[in-house]
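Take a look at the structure set out below.
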Amino acid sequence: FWGATVITNLLSAIPSLGVMLVNWIWGGFAVDNATLTRFYTFHFLLPFVILMMTMIHLLFLHQTGSNNPLGLNSNLDKIPFHPFFTFKDLIGFIVLLFLLVMLTLTNPYLLGDPDNFIPANP
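Oh and the sequence shown: position 3 is 3 in UniProt numbering, straight run, nothing missing.
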């Protein structure tokens with residue numbers, strides 16, 4: 001509740017439009033259940049919208065091809081996606097996953113907050 005209030009109040013800093021924008025997002029003069037329901041709906045639907053836009057982008061990219069800075073549209077200049085880019089992305093994913101697993105296994109408390117080790121009821 002307070003997180004939504006604070007973050008949406010940041011929009012009120014926009015000159016001459018901010019307060020009206022915040023009231024429009026809230027649907028009133030304060031954050032209430034309707035506002036939180038609207039935010040949860042937005043957070044549920046946003047990944048599907050992003051997925052749809054990504055699929056449309058890949059469709060157009062597949063149909064027209066990528067932009068070539070030389071301006072040549074020859075098939076000799078094109079590199080096939082598989083195996084070159086597939087293996088490149090796969091190696092990057094494996095390296096990143098290895099680093100994260102090593103960080104987790106060797107020092108799991110490195111990124112944690114020291115306050116987590118204080119007993120709750122001393």
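We put the beta carbon where it would ideally sit given N, CA and C, even for glycine. Owing to the predicted nature of the structure, the values given are computational and were not obtained by experimental measurement.
Between the CA atoms of residue j and residue i - distance to the nearest angstrom
i    : j    : result
F39  : F98  : 35 Å
P108 : I118 : 17 Å
I1   : L10  : It should be noted that the sequence gives Phe, not Ile, for residue 1. When rounded, the distance between both Cα atoms is 15 Å.
L46  : L36  : 15 Å
V31  : L110 : 37 Å
Where residue i falls, given that 16 or more other Cβ within 10 Å makes a residue buried
i   : result
V22 : buried
Anticipated Cβ contact below 8 Å, residue i with residue j, distance rounded
i   : j   : result
S12 : G3  : Not confirmed; about 16 Å, so no contact.
T8  : W26 : 7 Å
Residue interval of the alpha helix (DSSP H) (run including residue i)
i   : result
G28 : Here G28 belongs to no alpha helix (DSSP H), and DSSP marks it neither H nor E.
F87 : 86 to 106
I7  : 2 to 9
Any non-hydrogen atom of the ligand SAH closer than 7 Å to residue i Cβ
i   : result
T37 : What this structure holds is no ligand at all, so the ligand SAH is not there to describe.
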